[in-house]
Structure formats: C-alpha cells, structure tokens
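Heads up, the thing below is written out as structure tokens.
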Amino acid sequence: MDTAIQPLATLDAGAISATGATSIDELLRTIRGVTQSGDGQEPIFLLNAQRVSGYQEIGNLPPEAIEKVEVFPEPVALQYGYPPTRRIVNFIIKRRFRQLSLKQAVGTSTRGGADNANAHVDYTRLRGDGRLTLSLDARHSDALLQTRRRVLPDPDVPFDARGNITGTLAGGEIDPVLSGLAGQFVTIVPVPNAPLPIGSVGPGSFVTDANRPRLFDLSPFHTLAPSNDTFHGEAVIANRIGRRLSGSLTLTGDHSRERTVFGPASATLFIPRGNPFSPFGRDVLLQRYLVEAPPLSQRTDTTTLHAGSVVRSAWRGWQWDWTGTLDTQRKEGIVAKAIDTTAVTAAIAAGADPFRPLDPALLTNRLVDRTVQSSYGAGTKFVATNRPLRLPAGRVTLTATFEGEQIGTDSRTRGANPSAIAFDRSRVEGAVALDLPITSRREDVLPWVGELSANVSATVRHVGGFGDLSDSTLGANWAPFAGLQVLAQIKRSATAPTLDQLAAPQISAPQVPLFDFGTGRSTLVTLLVGGNPALSAERRRTRSIGATVKPFAKSELRIGATYETTDIHDGIQTIFALTPAAQAALPALFVRDAAGALVSVAFRPINIFREHRRTLNVTLAANGQLGRARPSTTPDGRPADRPTFYGGIGPTIRFADRIELRPGTPTLDLLDGDTLSGGTTQRLAGYGYGGLSYLGNGGTFDFYCTGGATVRGDVAAAILTFAPLCKINVTGSLSVHHFLPHQDWTRHLGFKLEVANITGARQRVRDATGVVPYRYQPDLLDAVGRSIVLSLRKLF
725 MDTAIQPLAT
735 LDAGAISATG
745 ATSIDELLRT
755 IRGVTQSGDG
765 QEPIFLLNAQ
775 RVSGYQEIGN
785 LPPEAIEKVE
795 VFPEPVALQY
805 GYPPTRRIVN
815 FIIKRRFRQL
825 SLKQAVGTST
835 RGGADNANAH
845 VDYTRLRGDG
855 RLTLSLDARH
865 SDALLQTRRR
875 VLPDPDVPFD
885 ARGNITGTLA
895 GGEIDPVLSG
905 LAGQFVTIVP
915 VPNAPLPIGS
925 VGPGSFVTDA
935 NRPRLFDLSP
945 FHTLAPSNDT
955 FHGEAVIANR
965 IGRRLSGSLT
975 LTGDHSRERT
985 VFGPASATLF
995 IPRGNPFSPF
1005 GRDVLLQRYL
1015 VEAPPLSQRT
1025 DTTTLHAGSV
1035 VRSAWRGWQW
1045 DWTGTLDTQR
1055 KEGIVAKAID
1065 TTAVTAAIAA
1075 GADPFRPLDP
1085 ALLTNRLVDR
1095 TVQSSYGAGT
1105 KFVATNRPLR
1115 LPAGRVTLTA
1125 TFEGEQIGTD
1135 SRTRGANPSA
1145 IAFDRSRVEG
1155 AVALDLPITS
1165 RREDVLPWVG
1175 ELSANVSATV
1185 RHVGGFGDLS
1195 DSTLGANWAP
1205 FAGLQVLAQI
1215 KRSATAPTLD
1225 QLAAPQISAP
1235 QVPLFDFGTG
1245 RSTLVTLLVG
1255 GNPALSAERR
1265 RTRSIGATVK
1275 PFAKSELRIG
1285 ATYETTDIHD
1295 GIQTIFALTP
1305 AAQAALPALF
1315 VRDAAGALVS
1325 VAFRPINIFR
1335 EHRRTLNVTL
1345 AANGQLGRAR
1355 PSTTPDGRPA
1365 DRPTFYGGIG
1375 PTIRFADRIE
1385 LRPGTPTLDL
1395 LDGDTLSGGT
1405 TQRLAGYGYG
1415 GLSYLGNGGT
1425 FDFYCTGGAT
1435 VRGDVAAAIL
1445 TFAPLCKINV
1455 TGSLSVHHFL
1465 PHQDWTRHLG
1475 FKLEVANITG
1485 ARQRVRDATG
1495 VVPYRYQPDL
1505 LDAVGRSIVL
1515 SLRKLF
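Note that the working numbering has the sequence shown beginning at 725, numbered continuously upward.
Structure, rendered in structure tokens:
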C-alpha cells in the first residue's frame, strides 16, 4: 500500500495457510483481535489496496487465493475516504488462480443438542485484473431444548402447572384463617396435587405447604438456543472496462428462518370468594402455567438482497473510484406472547373448578403480535486522490470524498398493541483529507528528526431529521528511525442513529422475569422492546497516541500499543440492568403501579448524557517459518517446504469508564461495580491466537480471557461477583494426500476438526451470600458450551 504508516500485522501465504482457515470469515475470526478498533468497530476491507463495494465482494474468496493480508491502524482510513475510527484490512490476491471448492460440515455440542450442518460450494477464477466468484451456502442449526442442560427453576416466579395461590395484593395475605392455622403470615401456597372435592377441604389443608410455593420446571417447553435455517447465494464479477476503467459487480441474496420456543403461557386467574371449590374466605389469585395449550413461540423470516458496484480509473494524476450500493430487507415475525384468559375467568366466576386441568377450548385465543419491517437503502460514494503539491519533505496527498445515501424503513405491528413507524432519511456529505510531509530523511529535510508528517481532515454532512453534522481529525505520524513509528490523533465525530435504533418494531411481552438489583430477586414485568424515534445524534471526541515497533528488519514480529481517551455525549445505548441508579435517573423506562410495584420495563435505545473512557490496547503479532532454509528437493527447483507459524496476543487495560445518565445524576463507574447491561466491564481483558502448519497439516488455537469483577447492589443478594473467564478454541487440519500420496482422489482433500471452548468454560456468578442467582446460571449465560465441528473440503 502507498502509505508511510507501518501495518500492525501482516500474514503471508504461509501464515494464512497456518491458520487452517477455509474461508475469509474463518481467517478474520482467527485474527479478529488485531483487526478491531479499540472501541470494537469492525475494520474496513480493501482488495489490492483498492476500495470495494462491501464485504460481500471479498467475503467468499478462498484463502488459497490470497498472497498477503495487511492490517493497518485507523489513520490509514483517511486515504480511502473513511473516518479514522476503523482499522484497514488489505487483502492482496494472486494474479492467476482457479479453484472449485466443495465443503460439508457437521457439528454438535459435547453436552448434546444444538446439532448443526453446513454445505458450501464456491468457484473462483482470477486472471490478471479479471475476477469471478460464485458461491452457494446452506446452514441448519437445531434448537437447544432446556432439558439438555441443568437449569433450576426460578424461586421468584410463582407460576406452576397446577398453580400457586396468592392474595389479590402483591405480597398480601391469602386468608387470615390460613395464617392463624399456620402460625405465620401466609402469602403463597401451592394447590394440592389431589383434586379438591366441594365442601370437604378447608384452609387447614394448605397449612403444610404454607409459604412454600411449588416450582415448575420449564425445561420441556423452553429452548435456550433457537433453530435456524439460512441460505446464501453470491456472484461477483470484476474486470477492466475498456482501456482506462475497471470495475466490479456484486450480487448477494440471503434468506433465514429462526424459531424460538418460550414456554407455556402464564396466567393470573381471579378466584372469587364464592367459588364452590375455593376454601378461602376472601378473593384469591391463582398463578398458573397454561400447559393445556401449546407453548408460546416466535418465528422470524428475514430476506436480504444486496447489489454493489465499483468503477475506478485514473485521470491527470487523480486516482478515483465510484461505489454504488442497493440494499433491501424484509423481516416478518410472529410472536405468540400470551393467551387471552377472558373465557377461563368467566367460567371460574360461573362456578367452574379452577384447580383442575382447564378445558383447552377455553385457551384457543392466543395473543399474537405480527410484525413486518421493510427497509431499503441506496448509496453512492466518490473518492479521488492526488498528490498535487510538492513540499520540501515530499508530496502532499489530497483525498476528496463525496457521498450520498437514501434509506428508509416501514415497521408495523399488528396485535393487542398495534403500532406503525415509518422513516425515510437522506444523507449528503463531503470530506477533504490532507497528508502533509514535514521532515524526511529521504529528502534530506531535517533528517535527524526522521520521517514526520501531519494529517488533517474535515467532513460535513446533512442528515434528514438531524440537520448538519461534522467530523474532523488532526494527526501526526513520526518514524524517528527504521522499525519504530509513533501515531497521535485527535478525532471529533457526530453520528446519527441507525434506522433500526429509530424504528425497530414495537413489541410487548407480559410476565417476563427480570433480575432486580434493588432486591436481588426476579420480578415479573411487561417488557417493551423496539426503536426510539426521539433519539439524538451521538457525538464523540477521541484522543489517541500509539507506537508500533518492528525490532528485526527480516522478521515479521511487530509490537504495538495505543492509549486512547474517548468522551461521548448523547451516546446511544440500551439499559438492560434494573438498578436503583438507572430507575432513579430514567423513570420513563420503568413504570410502577400505585403500590410502587414495578410493572413495566422498556428495553429501548436511549441517549446517555455523557461517558468517559480511557484504555490501553497492546498487540504483538508474528509469523514466519521454522528452521533454516534447506536446499531444493523438488524437480522444478522450488525451495523445500518448512513448517509455517503465526501467532499474536493483545491485552486491553481499561483505566476508566464512567457514565452520567442524565445531567446532574450521580456518575456511574462501570469499572467499580456499576452496570448498564447486567454484566461487568472488566479492567483487564485479552486475546491470543497462533498456529503451526506443515504440508497441509496443522493446528491452531485462539483464546479470549477476561478478569473478574463485581457488580454492586443495595442488598447482599444483588452484589454479584463474576469470576475470571477464559475460552479457548482449537482446530486441527489434516491433508489426506500427505498420508496417501499415490491415490489421485486424495489430492486437495482435507479434514478439519474444530473445538470451540475446549475447556467448557462458562461464566460463574455468585452473590454476596454465595448463591447463584437464577438469571446468572451458567447454562443460561452460555447454553451451548463446548462444541465440535468436523468438516470435509475438496478442492478442484
């Protein structure tokens, strides 16, 4: 690439082979730690140092077609018309290549369930500037039923197949007579398993189980992971267009269907004092699961189509390219969220026995939300680069960008709480970026300083509904001597919310148990999810300084470190933790009844007033060959094969992460016990990866580890300690031809075994009393656990 900035990591063909990757997705997953920016943003992809219409254009290239992968830091993005907030991954492909690939994979979890299968076929042809890629992919995953895991019932959920009886007020007394007989204030009691004959049972029959509700095991009715079927097709063609132009066209289509089973519907049934089967002297409530009806479920069908094109050329010193994209998506969902109990309540009021199994005919009116979200997008981007001026230290690089976009969505919900949201939004922006050389050893301008340059950029955009927004950057790049590079940068940006954040379908679900950090127990609420059309634009200011060291000129060993400070105003987040601090600062998200009981919670994106972060990211990456180069032993004189290795580590240290939800509210310290997600933000986390390959055989590993942390609560049951966690993935690849070299059918035939989370590590959480809260049981936090995938791949 034409840049003075050194890459953070490079992988040549040998190192790529050592990863054992059979697709670009697998390759990127292996090195994901070094490709992500400090704030978790995914990278920008280039092909032969040129922009592409999107990841779809390069996502199905086989790893065998790639000569080299380079990962560059964020400032390089300016040269390609992007803001300097994301890293660059540049794929350099071979000039001549042809391959047909067939792949079949099957997998499962080692504890049973979540079986999956994948069939994939692709064809790639590279010939000079010409490129053709065709691919088809089909995937299936079975649902993971809760019976395959160990999940204990929630003691704070009062529902049962036969029912538990409570008073009409939350926490209220059922019957003074029952309390007197039991010698305690009785608020809940299970329905006896035996039928209750009319007139033969009194409150005394319930004394034995007073305040000991019967818990119900949801396992046979509930899935921990959904079933899924996905189909994907793609075609990419690229070539020269006449003498001066070159271009590409990408067409992709995806369709997926996902199904989740939530469990039986719950119901709170009113039993009047006069019901002949009720032994109580006052009205009571029956908390019951309606197991006589099919369980509640959700089905989602999503169809996505994409078209992208790029045209590029050069004119009078300008290198330019134009990108156009068209996208459309339709998502249809059917959510059975409850059952209308009007008929059941009327039958009980008329004298029916509420303690016997209910007539299924009374439970046919299911409350169903039907959602349809249709969205579209059309975008164009023009980027031109030139070196119009020469300064004493070298030429100035100028990059000009013009971009336009029109997007829209129509989201409708039909059901008990219908809603409709429609948005159309246009965006027009222009940007200019300059790279100015200041000193240079090559040009003998203050050579004792080394190579020093400055970069500056400005972007102005107009976004429909949000007015004028702007970005700006100011940075410096200093290489005092070979092998060391220092980068410093200040970035300001303003970003409008996405359409999904603004207009996702509005869905409500009753009787959802959520962990309450105020009490340390589950509480049943009506959960509201969907978009928030009142969101404002997010504004960030980021300051960073980093260094990359390549200590040995002939070795691909690179060490990098970046210290970054970020201030965010009106950041967009969703509050998932029911903490007293969140409820006090954001009362609109939490609705309580007249008695003060929490009845409704909204999981919708909101603007956070202010957030401050400080982090240090360190990377170390290396690859190469083991042993000394040996004399050629092949007829064509090629060097003898040697084992190839690659590896890297990347710890992250967080020094600060503080949030002010609203102006004047107390500051929350996410590194010192506060939470917005219900989980923790660890001070120390890190990743690592590595692999070794020889003659098509090899093994790889990667891991991600986090330190322990504690979430504070108002009571001991809400003080949660999260243990350190480390998940390790390993793969092994085998070339059949290496072991059966005289069999033609074994050529380019390989097996691969992948084991995800090989140690079966799962997040362990305990409260201050040593108890594992229901919502934090390991099998709920990570239902799949250790999984194995065996794949067979044949190349032609």
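For each residue, glycine too, the CB sits at the ideal point set by N, CA and C. Since this is a predicted model, take the numbers as computed values, not measurements.
Cutting at 7 Å between CB atoms, please list the residues of its own chain near glutamate 1384, excluding the five before and the five after it.
Here the question's residue 1384 lines up with position 660 in the sequence shown. Closer than 7 Å at the Cβ level, and outside the excluded window around glutamate 1384, lie Phe1333, Arg1334, Thr1391.
C-alpha gap between arginine 1282 and cysteine 1429, whole angstroms:
One-based indexing of the sequence shown puts residue 1282 at position 558. One-based indexing of the sequence shown puts residue 1429 at position 705. If I take the Cα positions, the gap works out to 22 Å.
My output table needs one value for alanine 1067: the three-state DSSP class, helix, strand or coil.
Walking along the sequence shown from the start, residue 1067 turns up at place 343. In the structure shown, alanine 1067 sits in a helix (DSSP, three-state: H, G or I).
Can you tell me whether glutamine 765 is buried or exposed? The criterion is at least 16 other CB atoms within 10 Å of its CB, across all chains shown.
As a working note, residue 765 is residue 41 in the sequence shown. Classification for glutamine 765: exposed.
Starting from isoleucine 1512, trace the beta strand (DSSP E) both ways and give me its first and last residue.
Here the question's residue 1512 lines up with position 788 in the sequence shown. Residues 1511-1519.
For aspartate 1360, count neighbouring Cβ atoms within 10 angstroms of its own Cβ and tell me buried if that reaches 16, exposed if not.
The count along the sequence shown starts at 1 and reaches residue 1360 at position 636. In this prediction, aspartate 1360 scores a pLDDT of 48, lower than 50, which makes its location untrustworthy; the coordinate-derived value is nonetheless stated afterwards. By the 10 Å Cβ count, aspartate 1360 comes out exposed.
Can valine 1034 and threonine 1047 be called in contact, C-beta distance under 7 Å?
For the purposes of this step, residue 1034 is identified with residue 310 of the sequence shown, where counting begins at 1. For the purposes of this step, residue 1047 is identified with residue 323 of the sequence shown, where counting begins at 1. Yes. Within cutoff.
Do you know how far the Cα of proline 988 is from the Cα of leucine 942?
Within the sequence shown, residue 942 is the residue found at index 218, counting from 1. Within the sequence shown, residue 988 is the residue found at index 264, counting from 1. The straight-line gap from Cα to Cα measures roughly 8 Å.
Flag this pair as yes or no: are the beta carbons of leucine 1322 and arginine 1328 separated by less than 7 Å?
Mapped onto the sequence shown, residue 1322 falls at position 598. Mapped onto the sequence shown, residue 1328 falls at position 604. In this structure, arginine 1328 does not lie closer than 7 Å to leucine 1322 by Cβ.
Tell me which residue opens and which closes the beta strand (DSSP E) that threonine 1121 is part of.
For the purposes of this step, residue 1121 is taken as the residue at position 397 of the sequence shown. That run of the beta strand (DSSP E) goes 1118-1138.
Own chain partners of phenylalanine 1205 with C-beta closer than 7 Å, once the 5 adjacent residues on each side are dropped
Walking along the sequence shown from the start, residue 1205 turns up at place 481. Same-chain partners within the cutoff: Gly1174.
Name the DSSP bridge partner or partners of arginine 1337?
Numbered from its first residue, the sequence shown carries residue 1337 at position 613. DSSP lists Thr1290, Asp1381 as partners of arginine 1337.
Please state whether DSSP places glutamine 1349 in a helix, a strand or coil.
Start at 1 with the first residue of the sequence shown, and residue 1349 comes out as number 625. Residue state, collapsed to three classes: strand.
I believe proline 1486 touches glycine 1509 by the beta-carbon criterion, under 8 Å. Please report the beta-carbon distance rounded to the nearest angstrom.
On the sequence shown, residue 1486 is found 762 positions in, with the first residue counted as 1. On the sequence shown, residue 1509 is found 785 positions in, with the first residue counted as 1. Going by the sequence as given, residue 1486 is arginine instead of proline. Right, their Cβ atoms sit about 6 Å apart.
Closest residue to threonine 1286 among Arg1337, Thr1250, Val1253, Val1342 (Cα-Cα distance)
Position 562 of the sequence shown holds residue 1286. Looking at the Cα atoms, Val1342 is the closest of the given residues.
Sequence-distant residues of the same chain with beta carbon closer than 6 Å to threonine 954, five excluded per side:
The residue labelled residue 954 in the question sits at position 230 within the sequence shown. Closer than 6 Å at Cβ, skipping near neighbours: Arg863, Ser980.
From the DSSP output, which residues share a beta bridge with glycine 1410?
By 1-based counting over the sequence shown, the position of residue 1410 is 686. In the DSSP output, where bridge partners are listed per residue, glycine 1410 has Pro1375, Cys1429.
Tell me, which residues are paired with alanine 829 by DSSP?
As a first step, residue 829 must be located in the sequence shown, where it is residue number 105. Asn842, Ser1515.
Going by DSSP, which residues form a beta bridge with glycine 1522?
Because residue 1522 is not part of the residues shown, which for the chain are 725 to 1520, the question remains open.
Short of 6 Å in beta carbon distance, which residues of its chain neighbour alanine 1306, apart from the five on each side in sequence? Order them along the chain.
Looking up residue 1306 in the sequence shown gives position 582. Contacts found: Ile1299.
Terminal residues of the alpha helix (DSSP H) in which isoleucine 740 lies
Sequence index remark: in the sequence shown, residue 740 carries index 16 (1-based). Note, isoleucine 740: alpha helix (DSSP H), 737-742.
Measure the C-alpha to C-alpha separation of glycine 1207 and leucine 732 and round it to an integer number of angstroms.
Translated into positions along the sequence shown, residue 1207 becomes position 483. Translated into positions along the sequence shown, residue 732 becomes position 8. About 12 Å.
Between which residues of its own chain and glycine 738 is the CB-CB distance below 6 Å, once the five residues before and five after are set aside?
Stepping through the sequence shown from its first residue, residue 738 is reached at position 14. These residues qualify, in order along the chain: Thr1368.
Please name the residue, chosen from Asp880, Gly1402, Ala841, that lies closest to aspartate 866 on a Cα-to-Cα basis.
Stepping through the sequence shown from its first residue, residue 866 is reached at position 142. The shortest C-alpha separation from aspartate 866 is found at Ala841.
Given this structure, state the Cα-to-Cα distance separating asparagine 917 from threonine 1303, to the nearest angstrom.
Taking the first residue of the sequence shown as position 1, residue 917 is located at position 193. Taking the first residue of the sequence shown as position 1, residue 1303 is located at position 579. If I take the Cα positions, the gap works out to 38 Å.
Do you know how far the Cα of proline 1375 is from the Cα of glutamine 1501?
Translated into the one-based positions of the sequence shown, residue 1501 becomes position 777. Translated into the one-based positions of the sequence shown, residue 1375 becomes position 651. So the alpha carbons of these two residues sit roughly 28 Å apart.
Counterpart residues of isoleucine 1231 in DSSP-defined beta bridges
Translated into the one-based positions of the sequence shown, residue 1231 becomes position 507. Looking at the DSSP assignment, isoleucine 1231 forms a beta bridge with Val1253.
Quick check on serine 865: does DSSP put it in helix, strand or coil?
If you number the sequence shown from 1, residue 865 lands on position 141. Looking at serine 865 - three-state DSSP - the assignment turns out to be strand.
Given 8 Å as the limit, is there contact between the region 876-890 and the region 907-917, that is, 3 or more CB pairs closer than that?
yes
Element boundaries [beta strand (DSSP E), containing glycine 1199]:
Counting from one through the sequence shown, the residue named residue 1199 turns up at place 475. 1191-1205 is the span of the beta strand (DSSP E), which, as asked, contains glycine 1199.
In angstroms, rounded to a whole number, what distance separates the CA positions of valine 901 and alanine 1073?
For this step, residue 901 is matched to residue 177 along the sequence shown. For this step, residue 1073 is matched to residue 349 along the sequence shown. Between valine 901 and alanine 1073, the C-alpha separation is close to 23 Å.
Exposure label - glutamine 1467; buried when at least 16 CB within 10 Å
For the purposes of this step, residue 1467 is taken as the residue at position 743 of the sequence shown. With fewer than 16 other Cβ atoms within 10 Å, it is exposed.
Sequence-distant residues of its chain with Cβ nearer than 8 Å to asparagine 1453 (five each side left out):
Mapped onto the sequence shown, residue 1453 falls at position 729. So the list reads Phe1425, Asp1426, Phe1427, Glu1478, Val1479, Ala1480, Asn1481, Ile1482, once near-sequence residues are dropped.
Same chain only: Cβ atoms within 6 Å of serine 1150, ignoring 5 sequence neighbours per side:
Mapped onto the sequence shown, residue 1150 falls at position 426. Around serine 1150: Gln1130, Gly1188.
Are at least three pairs of beta-carbons, each pair with one atom in the region 1058-1066 and one in the region 790-805, less than 8 Å apart?
no
Continuous beta strand (DSSP E) assignments of at least 3 residues falling wholly in the region 1021-1108:
1042-1063
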